[in-house]
Amino acid sequence: MTRVLVAYGSRRGSTAEIAGWIGDTLRGEGLETEVADAGSVRDVTAYDAVVLGGALYAGHWHKDARRFARRHAAALSGRPVWLFSSGPLDRSADEAEIPPVPQAARAAEALRALGHRTFGGRLARDAKGFIAARIAERAGGDYRDPDGVRAWARQVAERVAATQGTEV
Ligand SMILES: Cc1cc2nc3c(=O)[nH]c(=O)nc-3n(C[C@H](O)[C@H](O)[C@H](O)COP(=O)(O)O)c2cc1C
2 MTRVLVAYGS RRGSTAEIAG WIGDTLRGEG LETEVADAGS VRDVTAYDAV
52 VLGGALYAGH WHKDARRFAR RHAAALSGRP VWLFSSGPLD RSADEAEIPP
102 VPQAARAAEA LRALGHRTFG GRLARDAKGF IAARIAERAG GDYRDPDGVR
152 AWARQVAERV AATQGTEV
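Under my numbering, the first residue of the sequence shown carries the number 2, and numbering increases by one thereafter.
So this is what it looks like as structure tokens:
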């Protein structure tokens, strides 16, 4: 059976939840899927494909996602990888394709990723932390689109099935 890992870097939990939606969708499409914090993954050799996502903070891709990409690039060579980012606290991610920030673009290159998608983010209106609270005042809310995430995950599932038995 094809095994897929969905790994995420998340500070406040919303990217982890997106990873969970992706995992549920892939399972629904018949793929054996594990969802894990990117920082906790030691070995990726058991997986046929990987989806790696990171939250965006001040233009940076979450460090656990960056480290995952560096640490596992060699092991993932020849296996299909997709990336996602989550961040925008508005509807921009639903309106147009948002290109990866430079760190995610570098990870895409290192992993020869087959695709990258930016999803809207979530910030609680009562978020703690000086800067977060200031941002939350004007832009707090949940801008994630679960159906859009699931639709993207179904495309990934189709392409995982299509790449099995081939080197990508
Ligand atoms: C201090 C701070 C900085 C942020 N910077 C960005 C950013 O540069 N780009 C972006 O798209 N979203 C940015 N966001 C929004 C977060 O990416 C969004 O809240 C995301 O859903 C957080 O994911 P997490 O809950 O997994 O940590 C920022 C949020 C905070 C609190």
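Positions of the beta carbon are idealized from the N, C-alpha and C atoms, including for glycine.
Just so we're clear, the structure is a prediction, and the values are computed from it rather than from any experiment.
Residues that residue i bridges to, as DSSP identifies them
i	result
R118	F85
R123	D143
L53	A8 and L84
Same chain, Cβ closer than 7 Å to residue i, neighbours up to 5 away in sequence not counted
i	result
H73	V45
R28	T34
W83	V52, A114, L115, G116 and V157
Run of the alpha helix (DSSP H) containing residue i, from where it starts to where it stops
i	result
G24	S15 to G29
T167	Looking at the DSSP string, T167 is not in any alpha helix (DSSP H), and its letter there is neither H nor E.
A59	Unbroken run through A59: none, as it is neither H nor E.
S78	Run containing S78: none; DSSP gives neither H nor E here.
S177	Any question about residue 177 goes unanswered here, given that the chain covers just 2 to 169.
R107	P103 to A111
Buried/exposed call for residue i, threshold 16 Cβ in 10 Å
i	result
P100	exposed
A163	exposed
A97	exposed
G88	buried
S15	buried
G121	buried
R103	Note that residue 103 corresponds to Pro in the displayed sequence, not to Arg. P103 comes out exposed.
G54	buried
D91	exposed
R71	exposed
R139	exposed
I19	buried
S11	buried
T167	exposed
D65	buried
Any non-hydrogen atom of ligand 1 within 7 Å of residue i CB
i	result
L124	yes
G88	yes
R12	yes
Y48	no
T167	no
S15	yes
Start and end residues, beta strand (DSSP E) containing residue i
i	result
E171	Nothing in the structure corresponds to residue 171, since the chain is present only between 2 and 169.
A8	R4 to G10
Contacting residues, own chain, Cβ-Cβ under 8 Å from residue i (five flanking each side not counted)
i	result
D146	A94, D95, F120 and G121
Contacting residues, own chain, Cβ-Cβ under 6 Å from residue i (five flanking each side not counted)
i	result
W153	R118
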